[in-house]
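For the sequence shown, my numbering begins at 39 and goes up steadily by one.
For glycine and all other residues, C-beta sits at the position ideal for the given N, C-alpha and C.
Every value quoted in this text rests on a predicted model; they were computed, and no experiment measured them.
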Amino acid sequence: MLKRIVTIMVLVLVFSACDQVAPTPVISLPTETEAATAIHSPVKATADAPSATSTAPVAAPTDQAGTPTVPPTLAPVAYGPENFPADVDPLTGLTVADASILNRRPLGIKVNVYPRWTRPPWGISLADIVFDYYHNDGSTRYHAIFYGQDAELVGPIRSGRLLDDSLVRMYKSIFAYGSADVQINDRLLNAEYANRLVLEGTRSLCPPTDKLPLCRYEPNGSDFMLTGTKELSAYGTAKGIDNSRQNLNGMSFNSTAPAGGKEGEQAYVFISIDVYNRWDYDAATGRYKLFGDNLYL
39 MLKRIVTIMV LVLVFSACDQ VAPTPVISLP TETEAATAIH SPVKATADAP SATSTAPVAA
99 PTDQAGTPTV PPTLAPVAYG PENFPADVDP LTGLTVADAS ILNRRPLGIK VNVYPRWTRP
159 PWGISLADIV FDYYHNDGST RYHAIFYGQD AELVGPIRSG RLLDDSLVRM YKSIFAYGSA
219 DVQINDRLLN AEYANRLVLE GTRSLCPPTD KLPLCRYEPN GSDFMLTGTK ELSAYGTAKG
279 IDNSRQNLNG MSFNSTAPAG GKEGEQAYVF ISIDVYNRWD YDAATGRYKL FGDNLYL
């Protein structure tokens, strides 16, 4: 089969959830909780007080790609930039197993990948699109957008950056993040979409629930904040957010490679000694796999 054409944008890598993949590891943790996670209204940012975190065992994030399978030979298809069929995800061009999953807003989640010991992250390979962008001190952070698939766990969740303002507007998403610099928080929390921002209120222990979608897990003092996409979406709906299907027109997808292109076996982006991305094409699955820290993430 024709290999995909790799497009590299400066400091931004977008990877598409191109196959159905194995679910994120399931947490088996106590369900004790305290107070509800807060969706913030347009107000000035304030700091949260520290509280207890979970130290119960949790399954570590693993390679979400699952067992390689040979991609089937399909008839050429093309979708977009508008008039997508009801069961086609407009952010990936893929048919979803259950069209009802698209009857909601996308979910944006800010995910940490630095320092190295926090990697690999939970749930990223189930995202529709992931923006990996430079933020400071030689490191990057993910803004992962979930829509056509759910992930039982996503994280570790960390602080926002200025680009998140544009991405929330672009994808009309519910956005979960771990606070931000006061100037950035002021912009986010006073924007017209402020009721769609989900920040941690009083801390609660994992696993995430519909009432407490952000939870804490502390393996060896790491203190990770995690969420689940189903719980995050349900929480938004319960809090009165308009969580209906949005107009996400704009992207085009075609299973036939454009004429005149060249096969791309590998793409490499170097940010710093601690942050780099290498994508290797895997003919067995028809996908590009992200390599880092001597393993495929």
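Under 8 Å between the Cβ atoms of residue i and residue j?
i: residue 190; j: residue 216; result: no
i: residue 200; j: residue 167; result: no
i: residue 270; j: residue 140; result: no
i: residue 180; j: residue 159; result: yes
i: residue 226; j: residue 214; result: no
i: residue 260; j: residue 250; result: no
i: residue 211; j: residue 143; result: yes
i: residue 188; j: residue 229; result: no
i: residue 263; j: residue 161; result: no
i: residue 118; j: residue 310; result: no
i: residue 267; j: residue 184; result: yes
i: residue 130; j: residue 186; result: yes
i: residue 231; j: residue 244; result: no
i: residue 134; j: residue 293; result: no
i: residue 302; j: residue 316; result: no
I need the DSSP call for residue i, collapsed to helix, strand or coil.
i: residue 233; result: helix
i: residue 133; result: strand
i: residue 182; result: strand
i: residue 215; result: coil
i: residue 149; result: strand
i: residue 118; result: coil
i: residue 208; result: helix
i: residue 330; result: strand
i: residue 89; result: With a pLDDT of 41 at residue 89, under the threshold of 50, the modelled position of this residue cannot be trusted; read the value that follows with caution. Note: residue 89 maps to coil in three-state DSSP.
i: residue 298; result: coil
i: residue 258; result: helix
i: residue 140; result: helix
i: residue 177; result: strand
i: residue 63; result: A caution first: residue 63 carries a pLDDT of 40, below 50, which makes its placement in the model unreliable, though a value can still be read off. DSSP places residue 63 in coil when its eight states are reduced to three.
i: residue 286; result: coil
i: residue 189; result: coil
i: residue 311; result: coil
i: residue 279; result: coil
i: residue 243; result: strand
i: residue 335; result: coil
i: residue 200; result: coil
i: residue 154; result: helix
Closest by CA to residue i, which one among the options?
i: residue 313; options: 122, 117 and 152; result: 152
i: residue 286; options: 128, 117, 116 and 213; result: 128
i: residue 253; options: 148, 319 and 195; result: 195
i: residue 125; options: 311, 305, 283 and 326; result: 283
i: residue 308; options: 162, 262, 178 and 240; result: 178
i: residue 276; options: 198, 123, 234 and 330; result: 234
i: residue 281; options: 138, 205, 132 and 327; result: 138
i: residue 205; options: 300, 319, 295 and 171; result: 171
i: residue 332; options: 318, 208 and 197; result: 318
i: residue 279; options: 240, 304 and 236; result: 236
Please list the terminal residues of the continuous alpha helix (DSSP H) segment that includes residue i.
i: residue 225; result: 220 to 227
i: residue 276; result: 267 to 276
Using 10 angstroms around the beta-carbon of residue i, count the other beta-carbons present and answer buried if the total reaches 16, otherwise exposed.
i: residue 86; result: Here the model assigns residue 86 a pLDDT of 38, short of 50, so the residue's position is not dependable and the matter cannot be decided.
i: residue 246; result: buried
i: residue 298; result: exposed
i: residue 150; result: buried
i: residue 163; result: buried
i: residue 155; result: exposed
i: residue 335; result: buried
i: residue 273; result: buried
i: residue 300; result: exposed
i: residue 198; result: buried
i: residue 306; result: exposed
i: residue 207; result: exposed
i: residue 321; result: exposed
i: residue 295; result: exposed
i: residue 113; result: exposed
Let's see if you can read the secondary structure: which residues bound the beta strand (DSSP E) around residue i?
i: residue 317; result: 314 to 320
i: residue 252; result: 252 to 255
i: residue 174; result: 167 to 174
i: residue 307; result: 304 to 308
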